[in-house]
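Residue numbers (this note's numbering): 6 to 203.
The beta-carbon is built from N, C-alpha and C at its ideal position, and this holds for glycine as well.
Have a look at the structure below, then the notes.
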């Protein structure tokens, strides 16, 4: 099998799937656990936070150039393995179709069905989503996409009560409001950048 064409590989666009918290990222592989320190990947993650980039652009970042192409490609491969990054589709699927499907999935989860992925038009695949994020999405869509964190948490709590899963502790309600705020601040923008929603 011939080696991959470097120009074709350089044109592949990568997307940031999840922000990286902390000073290190632990990646479990089939042979061991590898820990990447923040300086090794920080510039990549920061650049991708603004939107998808071609591999050529990422390996040309100052910190990646300093490490050399081989090391930069290994870091990208590890970030892909950790699902911090994802490969974008050469041609994005129609966003409207993905959004319609995702509305149906969010509603189904809100009705008690066990879905855990959403269609991502710009990836040409799916992204994992927690049950709570899907419940929040359904309630956000049900509110016309115009609910603040407190209103979103209240609507989601009401839906949980309808599903027979009330939040009996005040701390759980406070956590739900915090999660709703994080959903609006982080999850929705990330999903929009991946083509989950418009």
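So residue i and residue j are supposed to be a Cβ contact under 8 Å. How far apart are they, rounded?
| i | j | result |
| --- | --- | --- |
| residue 68 | residue 48 | 4 Å |
| residue 143 | residue 114 | 7 Å |
| residue 21 | residue 60 | Contact doesn't hold; Cβ gap of about 14 Å is too wide. |
| residue 159 | residue 141 | Contact flag wrong, Cβ pair sits at about 12 Å. |
| residue 138 | residue 182 | That pair is no contact at about 15 Å. |
Measuring only the C-alpha atoms, how far is residue i from residue j?
| i | j | result |
| --- | --- | --- |
| residue 177 | residue 133 | 23 Å |
| residue 17 | residue 57 | 10 Å |
| residue 105 | residue 13 | 32 Å |
| residue 92 | residue 85 | 8 Å |
| residue 168 | residue 116 | 7 Å |
| residue 184 | residue 23 | 15 Å |
| residue 102 | residue 199 | 14 Å |
| residue 119 | residue 196 | 20 Å |
| residue 35 | residue 41 | 16 Å |
| residue 165 | residue 37 | 40 Å |
| residue 45 | residue 180 | 33 Å |
| residue 54 | residue 43 | 15 Å |
| residue 87 | residue 100 | 26 Å |
May I ask which residues mark the beginning and end of the beta strand (DSSP E) holding residue i?
| i | result |
| --- | --- |
| residue 42 | 38-42 |
| residue 123 | 122-125 |
| residue 90 | 90-92 |
Indicate the three-state DSSP secondary structure (helix, strand or coil) for residue i in the structure shown.
| i | result |
| --- | --- |
| residue 198 | helix |
| residue 83 | helix |
| residue 192 | helix |
| residue 182 | helix |
| residue 21 | strand |
| residue 31 | strand |
| residue 70 | helix |
| residue 13 | helix |
| residue 55 | coil |
What span of residues does the alpha helix (DSSP H) with residue i cover, start to end?
| i | result |
| --- | --- |
| residue 154 | 154-167 |
| residue 173 | Segment: none, residue 173 is in no alpha helix (DSSP H) and carries neither H nor E. |
3 or more residues per run - each beta strand (DSSP E) lying fully within the stretch 99-140: 122-125, 130-133
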